DNA sequence: AGCGGCGAGTTGTAGGACAACTGTTGTGTT
DNA sequence: AACACAACAGTTGTCCTACAACTCGCCGCT
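Chains as they are written, first to last, in our numbering: chain A, 1465 to 1707; chain B, 1465 to 1707.
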């Protein structure tokens, strides 16, 4: 491994993808309307058509736009409202705030302890290895919408970061220590409130959706294992399915 | 509208995307391994690099491969097994069969009736318009894994197709009448077996995951509204979340 | 009015060239 | 021997130009 690793700049195509995505979800282009042609976007961004096309294709496979041969690129129209989908890897609080709600996080506990059997398998660590476990409640407009358990291998997190783990986003901490997750494998399950290990009394009779996911960094190493229990009816999961 | 509309051929890039996808999920390239370089794929498929790159990018945004600048394209490794994700728009039976199970469909009923309030809103049809409703059970290896209700606006389906609707895939019928869905907006809910309208007795105590989705064709028109109830634990939902 | 073809505009594909990045290999220094 | 660094080959990212395929409205013809 080289001694000094300079981080490569973000590719142009990705920058343009992000910019267009922001503009679309911000409503700059109304649903159903046609976006500027590839040629126009080339001038606008001062890049080649290849780059614009790469960005466009990316948006298409995200389900945000529809590219029609010979006709143009159109903003997908889902009855007037665009919602944030589950397939994009973003923090829960971010998603809540994008819906215009007030997001709050309450830390319930933060402990360093031995990994259990399940966590060992998911995170690919040895039995008895230490992990940092954070239990939290996520509130939208003062109402509990989700309960989460995040587990990170202890050797990845310096003890100095422990305190900040419970406060802000787990993503932010992972970012800071250079372990940005760029994909996750998520299982979806339906569970009863009484089966949630850290549930409060008032959810015992509720149904919840469990998002059971392992986050991987760009090198393919698992960096976090999280179980997030969403209270049915208080948080709407949406998936854009394509093709 | 022109009198004769010839369907355009499928773009090369899409064909290559599909072929590579099949090869990858079939295990032709082992997880973590490097795929042939773009230049090699160009020769293999006899297409330009633009086309190969378009296909590659598509696979990347599906979460199947990881493209690394200066290094190559690698099959994403999720602990050794690649599973079919929920974000791809394919029939349930196809998905089951890809997992190596024996898929069967049992039609419970097929009726033409007035659309209810919910269906009107989702399908954007007028109250009292007729719809074709199909109730089915989907079995994997003889066990019921899902119960589905599919609703299609009656004016879209010639009565001659009614009989085939209950037997094969709903997708196949929609294909035949030129209404191939190319995207869907899906909500995910957790429900009790006792809340499933057409449930058998034996699922009353089970939990189910409801996939509540509207299918749109390429022109953006809703062509089908389906509610699919999956028995928790018998069908594993997986989502690949990226970036 | 209706039909049909033409043509401008747009996306899809081709081919060649160079820039940026990665991993390895080799070389020189300590 | 161990380490730092330069060179290099291989790969993906971007650019340019040109043409093919497709869509849709315009216009003239019947």
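Idealized CB from N, CA, C, for every residue including glycine. Predicted model only: the values in this text are computed from it and were never measured.
Reduced DSSP category for residue 1559 (chain A) - H, G, I as helix; E, B as strand; rest coil | Here the question's residue 1559 (chain A) lines up with position 95 in the first chain. Secondary structure at residue 1559 (chain A): helix, using DSSP grouped into helix, strand and coil.
Anyone know if the C-beta pair for residue 1519 (chain A) and residue 1478 (chain A) falls short of 9 angstroms?
-> Taking the first chain and counting its residues from 1, the one referred to as residue 1519 (chain A) is at position 55. Taking the first chain and counting its residues from 1, the one referred to as residue 1478 (chain A) is at position 14. Cβ distance < 9 angstroms, so residue 1519 (chain A) and residue 1478 (chain A) count as in contact.
Where does residue 1647 (chain A) sit, in a helix, a strand or coil, going by DSSP?
-> For the purposes of this step, residue 1647 (chain A) is identified with residue 183 of the first chain, where counting begins at 1. Residue 1647 (chain A): strand per DSSP, three-state reduction.
Taking only the alpha-carbon atoms, compute the straight-line gap between residue 1652 (chain B) and residue 1701 (chain B) and give it to the nearest angstrom.
-> For the purposes of this step, residue 1652 (chain B) is identified with residue 188 of the second chain, where counting begins at 1. For the purposes of this step, residue 1701 (chain B) is identified with residue 237 of the second chain, where counting begins at 1. So the two alpha carbons sit approximately 11 angstroms from each other.
Looking only at its own chain, which residues have a Cβ that is under 7 angstroms from the Cβ of residue 1696 (chain B), when we skip the five neighbours before and after it?
-> Numbered from 1 along the second chain, position 232 holds the residue referred to as residue 1696 (chain B). Excluding positions up to five away in sequence, the list reads 1670, 1671, 1672, 1673.
Assign residue 1685 (chain B) to one of three DSSP states: helix, strand, or coil.
-> Taking the second chain and counting its residues from 1, the one referred to as residue 1685 (chain B) is at position 221. Coil at residue 1685 (chain B), not helix or strand.
Can the beta-carbon of residue 1567 (chain A) be found closer than 9 angstroms to that of residue 1557 (chain A)?
-> Indexing the first chain from 1 puts residue 1567 (chain A) at position 103. Indexing the first chain from 1 puts residue 1557 (chain A) at position 93. A contact, by the Cβ cut-off of 9 angstroms.
Coil, strand or helix - residue 1533 (chain A) by DSSP | Counted from its first residue, the first chain places residue 1533 (chain A) at position 69. Collapsing the DSSP output to three states places residue 1533 (chain A) in coil.
Using the Cα positions of residue 1497 (chain A) and residue 1699 (chain B), report the straight-line distance between them to the nearest angstrom.
-> Indexing the first chain from 1 puts residue 1497 (chain A) at position 33. Indexing the second chain from 1 puts residue 1699 (chain B) at position 235. The alpha-carbon atoms of residue 1497 (chain A) and residue 1699 (chain B) are separated by roughly 38 angstroms.
Taking Cβ-Cβ distances shorter than 9 angstroms, what residues in chain A pair up with residue 1653 (chain B)?
-> Here residue 1653 (chain B) corresponds to residue number 189 of the second chain, with the count starting at 1. Near residue 1653 (chain B) (Cβ distances below 9 angstroms), the residues of chain A are 1654, 1671, 1673, 1696, 1697, 1700, 1701.
Do you know whose CA, among B:1507, B:1499, B:1505, lies nearest residue 1535 (chain B)'s CA?
-> Residue 1535 (chain B) sits at position 71 when you count from the first residue of the second chain. Residue B:1499 is the option with its Cα nearest to residue 1535 (chain B).
Residue 1481 (chain A) versus residue 1528 (chain B): straight-line alpha-carbon distance, rounded = Taking the first chain and counting its residues from 1, the one referred to as residue 1481 (chain A) is at position 17. Taking the second chain and counting its residues from 1, the one referred to as residue 1528 (chain B) is at position 64. Whole-angstrom Cα-Cα distance: 19 angstroms.
Any chain B beta carbon closer than 9 angstroms to residue 1648 (chain A) = In the first chain, residue 1648 (chain A) corresponds to position 184, counting from 1. Closer than 9 angstroms: yes.
Between the segment 1574 to 1595 of chain A and chain B, which residues of the former have a C-beta closer than 9 angstroms to a C-beta of the latter?
-> 1585, 1586, 1588
Determine the extent of the beta strand (DSSP E) in which residue 1704 (chain B) is found, giving its start and end residues.
-> By 1-based counting over the second chain, the position of residue 1704 (chain B) is 240. DSSP places residue 1704 (chain B) in the uninterrupted beta strand (DSSP E) bounded by 1701 to 1706.
Taking the Cβ atom as the reference point for each residue, do residue 1622 (chain A) and residue 1687 (chain A) lie within a distance shorter than 9 angstroms?
-> Sequence index remark: in the first chain, residue 1622 (chain A) carries index 158 (1-based). Sequence index remark: in the first chain, residue 1687 (chain A) carries index 223 (1-based). No, these two residues do not count as a Cβ contact at 9 angstroms.
Compute the distance between the beta-carbons of residue 1626 (chain A) and residue 1596 (chain A), then report whether it is under 9 angstroms.
-> Position 162 of the first chain holds residue 1626 (chain A). Position 132 of the first chain holds residue 1596 (chain A). Yes, Cβ-Cβ distance for residue 1626 (chain A) and residue 1596 (chain A) is below 9 angstroms.
Identify whether residue 1489 (chain A) lies in helix, strand or coil by the three-state DSSP scheme.
-> Reading the first chain from its first residue, position 25 is the one you call residue 1489 (chain A). Note: residue 1489 (chain A) maps to helix in three-state DSSP.
Which residues in chain A sit within 9 angstroms of residue 1521 (chain B), going by Cβ to Cβ distance?
-> Here residue 1521 (chain B) refers to the residue found at position 57 when the second chain is read from its first residue. 1477, 1518, 1521, 1522, 1525, listed in chain order.
Nearest to residue 1598 (chain B) (by Cα), restricted to the options B:1633, B:1668, B:1585 | Position 134 of the second chain, counting from 1, holds the residue named residue 1598 (chain B). With distances taken between Cα atoms, residue 1598 (chain B) lies closest to B:1633.
Within chain A, partners of residue 1533 (chain B) - CB distance below 8 angstroms = Numbered from its first residue, the second chain carries residue 1533 (chain B) at position 69. Under the 8 angstroms cutoff, chain A gives 1472, 1475.
Sequence ranges, beta strand (DSSP E) only - wholly within the segment 1563 to 1613 of chain B, length at least 3 = Those beta strand (DSSP E) runs which fall completely within the segment 1563 to 1613 of chain B and span 3+ residues are 1567 to 1578, 1594 to 1604.
Give a yes or no on whether the C-beta atoms belonging to residue 1613 (chain A) and residue 1690 (chain A) are separated by under 9 angstroms.
-> The residue labelled residue 1613 (chain A) in the question sits at position 149 within the first chain. The residue labelled residue 1690 (chain A) in the question sits at position 226 within the first chain. Residue 1613 (chain A) is a Cβ neighbour of residue 1690 (chain A), given a cutoff of 9 angstroms.
Mind checking residue 1560 (chain A): buried by the 16 CB within 10 Å criterion, or exposed?
-> Along the first chain, read from residue 1 onward, the residue named residue 1560 (chain A) stands at position 96. Flag for residue 1560 (chain A) reads buried.
Residues near residue 1584 (chain B) by beta carbon distance below 6 angstroms, same chain, minus five either side | By 1-based counting over the second chain, the position of residue 1584 (chain B) is 120. Closer than 6 angstroms at the Cβ level, and outside the excluded window around residue 1584 (chain B), lie 1591.
Taking Cβ-Cβ distances shorter than 7 angstroms, what residues in chain A pair up with residue 1486 (chain B)?
-> In the second chain, counting from the first residue as 1, residue 1486 (chain B) sits at position 22. Within 7 angstroms Cβ-Cβ: nothing; residue 1486 (chain B) doesn't reach chain A, min ~14 angstroms.
Do you know how far the Cα of residue 1586 (chain A) is from the Cα of residue 1594 (chain A)?
-> The count along the first chain starts at 1 and reaches residue 1594 (chain A) at position 130. The count along the first chain starts at 1 and reaches residue 1586 (chain A) at position 122. Cα-Cα distance, rounded: 14 angstroms.
Which one of A:1505, A:1657, A:1677 has the shortest CA to CA distance from residue 1646 (chain A)?
-> The residue given as residue 1646 (chain A) occupies position 182 in the first chain. When each option's Cα is compared against that of residue 1646 (chain A), the closest is A:1677.
Since residue 1704 (chain B) meets chain A, which of its residues come closer than 9 angstroms, beta carbon to beta carbon?
-> Counting from 1 along the second chain, the entry for residue 1704 (chain B) is found at position 240. Here the neighbours are 1551, 1647, 1648, 1649, 1650.
Pull up the distance between the alpha-carbon of residue 1538 (chain B) and that of residue 1683 (chain A), whole angstroms please.
-> By 1-based counting over the second chain, the position of residue 1538 (chain B) is 74. By 1-based counting over the first chain, the position of residue 1683 (chain A) is 219. Answer to the nearest angstrom: the Cα atoms are 11 angstroms apart.
Considering only residues of the same chain and omitting the five flanking positions on each side of residue 1603 (chain B), which have a CB-CB separation below 6 angstroms?
-> Counting from 1 along the second chain, the entry for residue 1603 (chain B) is found at position 139. Only 1568 meet the Cβ criterion.
Would DSSP call residue 1692 (chain B) helix, strand or coil?
-> Taking the second chain and counting its residues from 1, one reaches residue 1692 (chain B) at position 228. Strand.
Tell me, which residues are paired with residue 1672 (chain B) by DSSP?
-> Walking along the second chain from the start, residue 1672 (chain B) turns up at place 208. B:1655, B:1695.
Could you have a look at residue 1526 (chain A) and say whether DSSP puts it in helix, strand or coil?
-> Counting from 1 along the first chain, the entry for residue 1526 (chain A) is found at position 62. Of the three classes helix, strand and coil, the one that applies to residue 1526 (chain A) here is coil, per DSSP.
Can you find a CB in chain B that lies within less than 9 angstroms of the CB of residue 1508 (chain A)?
-> Start at 1 with the first residue of the first chain, and residue 1508 (chain A) comes out as number 44. It does not: the Cβ of residue 1508 (chain A) has no partner Cβ on chain B nearer than 9 angstroms.
To the nearest angstrom, how far is it from the Cα of residue 1642 (chain B) to the Cα of residue 1522 (chain A)?
-> Taking the first residue of the second chain as position 1, residue 1642 (chain B) is located at position 178. Taking the first residue of the first chain as position 1, residue 1522 (chain A) is located at position 58. Approximately 26 angstroms, taken between the alpha carbons.
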